[in-house]
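K.L.:
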Amino acid sequence: MDLTLSETAIVLGKTPRQVRYLIKTGTLTAKKKNGCWVIDNTDLPLAPAERQAMARRAEVAQQAMAEATAPLQKAATQEPASLVKGRVEGDKEKKTYSVTDLKTFTLGAQIHREIESHLGREDPARLCLFDALKMLCRGCHAFQPPQKEARFTEAREAAADAVAFLLLEGDGNDRQRMVLAERIETELIPKLAALAASQEKRTRKKGRESLRGFFPGSLGE
């Protein structure tokens, strides 16, 4: 299975910049395809025991990247909500982009409700996941890719904090805590990482487009 640079970053738990460094130093084998880096999943630096888990993470990463880019591309073509709000076309108000368009948000909100129901509003894991969803909302409504990337990264870090509280607090016999932590780790965090990676990719693309105005030739990823 061929993985993009962003998908590889999600599988390895690294940032796209770190993956580029691994490629640059020869630690990770990659090839260019249509001007972008592509990594064969069999070339990833993983122990044999990690291969099966890696295959699942690769599938999640590809799905997460597809989900991350579709609604954000839609949002990029629309006016800011502040300009659209209240505008009427005939008898219909123009539909604006919402954070609820992101499957990542609906998943996070569902897990948040489950944590609150099981552990209560004051549980630190719930508070961390609330912060993650808050950062996700901020990233959704930020205008520039670097701002979006920063907020989505903060959301991923807050979600990881929620995992830590779920696994480390309690008496260790609460199976539901482990289930909730696993859902955040295997479902939510990869999606948040994909959102951040998609914005990092947009930032680099804009940078290359700007450079083409000054230097001839093409610039690879």
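Sequential numbering of the sequence shown, starting at 70, is according to this note's numbering. All C-beta atoms, glycine included, are put in the ideal place defined by N, C-alpha and C.
Are there 16 or more other CB atoms within 10 angstroms of the CB of Tyr90, so buried, or fewer, so exposed?
P.N.:
Exposed: under 16 other Cβ atoms inside 10 Å.
K.L.:
Going along the chain, which residues of its own chain have a beta-carbon closer than 6 Å to the beta-carbon of Asp112, five neighbours each way excluded?
P.N.:
Thr98.
K.L.:
Candidates Arg246, Gln179, Asn103, Ala262: which alpha carbon is nearest Phe221's?
P.N.:
Residue Ala262 is the option with its Cα nearest to Phe221.
K.L.:
In the DSSP output, which residue or residues are listed as bridge partners for Thr255?
P.N.:
Bridge partners of Thr255: none, in fact.
K.L.:
Who are the near neighbours of Leu202 in its chain, counting only those whose CB is closer than 8 Å to its CB and skipping five residues on each side?
P.N.:
Excluding positions up to five away in sequence, the list reads Phe174, Gly177, Ala178, His181, Ala224.
K.L.:
Got a sec? Which residues, its chain only, sit under 6 Å from Gly208 by beta carbon, not counting five neighbours each side?
P.N.:
Correct list, in chain order: Lys217, Arg220, Phe221.
K.L.:
Does the beta-carbon of Glu162 have 16 or more other beta-carbons within 10 angstroms, so that it is buried, or is it exposed?
P.N.:
Model confidence at Glu162 stands at a pLDDT of 49, short of 50, so the residue's coordinates are unreliable and nothing is read from them.
K.L.:
Once DSSP output is grouped into helix, strand and coil, what is the label at Lys83?
P.N.:
Three-state DSSP puts Lys83 in coil, outside helix and strand.
K.L.:
Taking just the CA atoms, how far does Thr96 sit from Ser167?
P.N.:
If I take the Cα positions, the gap works out to 41 Å.
K.L.:
Measuring alpha carbon to alpha carbon, tell me which of Thr169, Ala116, Gln132, Ala231 ends up nearest Ser16.
P.N.:
Since the first residue shown for the chain is 70 and the last is 290, residue 16 is missing from the structure and cannot be characterised.
K.L.:
Assuming Leu198 and Ile184 make a contact with CB atoms under 8 Å, what is their CB distance in whole Å?
P.N.:
Confirmed, about 6 Å.
K.L.:
Under the DSSP definition of a beta bridge, which residues are partnered with Ile108?
P.N.:
Ile108 is bridged to Leu72.
K.L.:
Counting C-beta neighbours from all protein chains within 10 Å, is the total for Ala250 16 or more, i.e. buried, or is it exposed?
P.N.:
Label assigned to Ala250: buried.
K.L.:
Is it true that the CB of Leu257 sits closer than 7 Å to the CB of Ala194?
P.N.:
Against a cut-off of 7 Å, the Cβ pair of Leu257 and Ala194 comes out as no contact.
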